[in-house]
Amino acid sequence: MRSETLSLPGTTQGTHRTVTVQRFGTPGGRPRVHIQASLHADEIPAMLVADKLRRHLTRLEAEGKLVGEVVLVPIANPIGLSQAVLGDMLGRFDLTDGRNFNRDFPWLVPAATARVQGRLGDDAASNTALIRAALADALSEMRPQSPAQHLKVLLMSLAVGADWVLDLHCDHEAVMHLYTLTPLAEEVEPLSRLLGSQALLTADESGDHPFDEAVSRPWAVLRQRFPQYPIPLACRSVTVELRGQADVDHDLADRDARALVAFLIHAGAVTGAVPDLPPALCQPTPLEAVEPLTAPAAGVLVYRRPLGAAVEAGEIVADIIDPVTGQAVPVASQGGGLLFARIATRMAFPGNRLGKLAGTRLRRSGNLLSP
Numbered sequence: 001m002r003s004e005t006l007s008l009p010g011t012t013q014g015t016h017r018t019v020t021v022q023r024f025g026t027p028g029g030r031p032r033v034h035i036q037a038s039l040h041a042d043e044i045p046a047m048l049v050a051d052k053l054r055r056h057l058t059r060l061e062a063e064g065k066l067v068g069e070v071v072l073v074p075i076a077n078p079i080g081l082s083q084a085v086l087g088d089m090l091g092r093f094d095l096t097d098g099r100n101f102n103r104d105f106p107w108l109v110p111a112a113t114a115r116v117q118g119r120l121g122d123d124a125a126s127n128t129a130l131i132r133a134a135l136a137d138a139l140s141e142m143r144p145q146s147p148a149q150h151l152k153v154l155l156m157s158l159a160v161g162a163d164w165v166l167d168l169h170c171d172h173e174a175v176m177h178l179y180t181l182t183p184l185a186e187e188v189e190p191l192s193r194l195l196g197s198q199a200l201l202t203a204d205e206s207g208d209h210p211f212d213e214a215v216s217r218p219w220a221v222l223r224q225r226f227p228q229y230p231i232p233l234a235c236r237s238v239t240v241e242l243r244g245q246a247d248v249d250h251d252l253a254d255r256d257a258r259a260l261v262a263f264l265i266h267a268g269a270v271t272g273a274v275p276d277l278p279p280a281l282c283q284p285t286p287l288e289a290v291e292p293l294t295a296p297a298a299g300v301l302v303y304r305r306p307l308g309a310a311v312e313a314g315e316i317v318a319d320i321i322d323p324v325t326g327q328a329v330p331v332a333s334q335g336g337g338l339l340f341a342r343i344a345t346r347m348a349f350p351g352n353r354l355g356k357l358a359g360t361r362l363r364r365s366g367n368l369l370s371p
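Take the sequence shown: its position 253, counted from the start at 1, is 253 in my numbering, and no numbers get skipped.
Structure follows, in structure tokens:
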């Protein structure tokens, strides 16, 4: 393992933050896999899985079984990790401006288009190298201002040239689920099956430029802009939601790390017998068909249905109890689906998003991700 420490600018004089990058295998080799943990810094299960995975990668490297290069960022967001307020971690949003750390990543397509215009040809490998260089050059010319902007450019610089990008997260309370681009669903299915994912959520564009789409969607857009040339989807990215925030457990993390190693074998990044895939627990669900459950009133939140439950259209998922009057306001699903995530707090406020169902009937538009 080769470890490097990259500096971020501090928020004020006298402060300093760093990002540690751990590299395994052959520098610059292919396939290159980028794995980062806890971009939302309060999503702790990802960091434990990264720790378990590092131990596997260290062993595999010593045994000469790594093909190409694996880049591991065990703490992707030192800014959010420092945001402890009255004993609670607040790692999803930047406290300086309220912005989600996993939104507003740089959109490189305009700059990359200008760089590849008139230079693409009939060879897919040459086009891939050209586009990777164009994306990297576009990033190198960016001039971020805030510490969070610097962090986003740094993480993208590490990942934009990878063949696979795995962004490890978790939800408040959730079953295992994944997000990826619609055209990548078939290639991501082995990862979904190995992890035991119960929802595989897909979109051509989810909105607000999250990290995974910032590195992978440029390839899909450039392929549409230049249909006369062979342009592969050369950066396959996945957001892996490792259940809920409280699911910090050695056995779960060991299982997830082993599943990631099995996927690396499938992806050709590790030598060894390709493991059999377990049965799929889900089919891809368009992100447009995910139904958010919203609180119609304030009160004590009591769920009727557990995580992973198959909910029918019109079925009551939770009650909101007024502790003064005893009045119960039901929260029902419109379209039905699998209850794959819900909030951890048990006090609801009007307009709060309470949970999410992976369904088939509803079709949303606009920004499709949670705030």
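For glycine and all other residues, C-beta sits at the position ideal for the given N, C-alpha and C.
Spatial neighbours of Asp163 in its chain, beta-carbon cut-off 6 Å, leaving aside the 5 residues before and after: Pro31, Arg32
Arg258 (DSSP reduced to helix, strand or coil): helix
Extent of the continuous alpha helix (DSSP H) run through Lys52: 45 to 62
As assigned by DSSP and simplified to three states, the class of Phe24: strand
Rounded straight-line distance, which links the Cα of Gly314 to that of Ala332: 6 Å
Thr294 (DSSP reduced to helix, strand or coil): strand
Selection from Ala310, Val19, Phe340 that minimises the alpha carbon distance to Glu241: Phe340
Assigned secondary structure, Lys356 (DSSP; H/G/I helix, E/B strand, else coil): strand
Cutoff 7 Å; reference Gln36; Cβ partners in own chain excluding five residues on either side: Val73, Ala76, Leu155, Asp167, Leu168
Proximity to Leu57 [Cα-Cα], best of Met1, Thr128, Ala111: Met1
Buried or exposed by the 16-neighbour rule on C-beta atoms within 10 Å, applied to Gln117: exposed
Expected contact under 8 Å - CB spacing of Cys235 and Val165 to nearest Å: 6 Å
Spatial neighbours of Asp51 in its chain, beta-carbon cut-off 8 Å, leaving aside the 5 residues before and after: Pro74, Ala253
Endpoints, the alpha helix (DSSP H) within which Ser216 is located: 211 to 225
Selection from Arg223, Ala246, Pro284 that minimises the alpha carbon distance to Thr128: Arg223
Helix, strand or coil at Met156 according to DSSP, with G and I counted as helix: helix
According to DSSP, residues forming a beta bridge with Ile320: Leu301, Val329
Supposed contact pair Pro296 and Val324 - C-beta distance, whole angstroms, cut 8 Å: Contact doesn't hold; Cβ gap of about 17 Å is too wide.
Per-residue burial, His396 [other beta carbons within 10 Å of its own, 16 or more giving buried]: Lying before the first or after the last residue shown, residue 396 is absent from the chain, which here runs from 1 to 371.
Opposing strand residues paired with Phe93 [DSSP bridges]: Asn100
Helix, strand or coil at Ser140 [DSSP, three-state]: helix
Contact test: Gln334 Cβ vs the ligand MN heavy atom, cutoff 8 Å: Ligands displayed in this structure: none; no statement on the ligand MN is therefore possible.
Outcome for Glu213 when other beta-carbon atoms lying within 10 angstroms are tallied against a minimum of 16: buried
The stretch 176 to 195 / the stretch 141 to 159 touching (three or more Cβ pairs under 8 Å): no
Rounded separation between Arg353 and Thr5 - CA only: 38 Å
DSSP state of Pro279 mapped onto helix, strand, coil: coil
Residues bridged to Met347 (per DSSP): Val300
Range covered by the alpha helix (DSSP H) that runs through Ile79: 78 to 81
Element boundaries [beta strand (DSSP E), containing Ala199]: 199 to 203
His250 burial status per 10 Å Cβ neighbour count (16 or more: buried): exposed
C-alpha gap between Arg392 and Gln13, whole angstroms: This structure does not reach residue 392, given that the chain is present from 1 up to 371, and the question cannot be answered.
His209 versus Glu43: straight-line alpha-carbon distance, rounded: 20 Å
Bounding residues of the beta strand (DSSP E) (the contiguous stretch that carries Pro371): Segment: none, Pro371 is in no beta strand (DSSP E) and carries neither H nor E.
Continuous beta strand (DSSP E) stretch holding Pro190: start and end: Where Pro190 is concerned, there is no enclosing beta strand (DSSP E), although the alpha helix (DSSP H) it sits in stretches over 185 to 195.
Spatial distance of Leu53 from Ala298 (CA atoms): 42 Å
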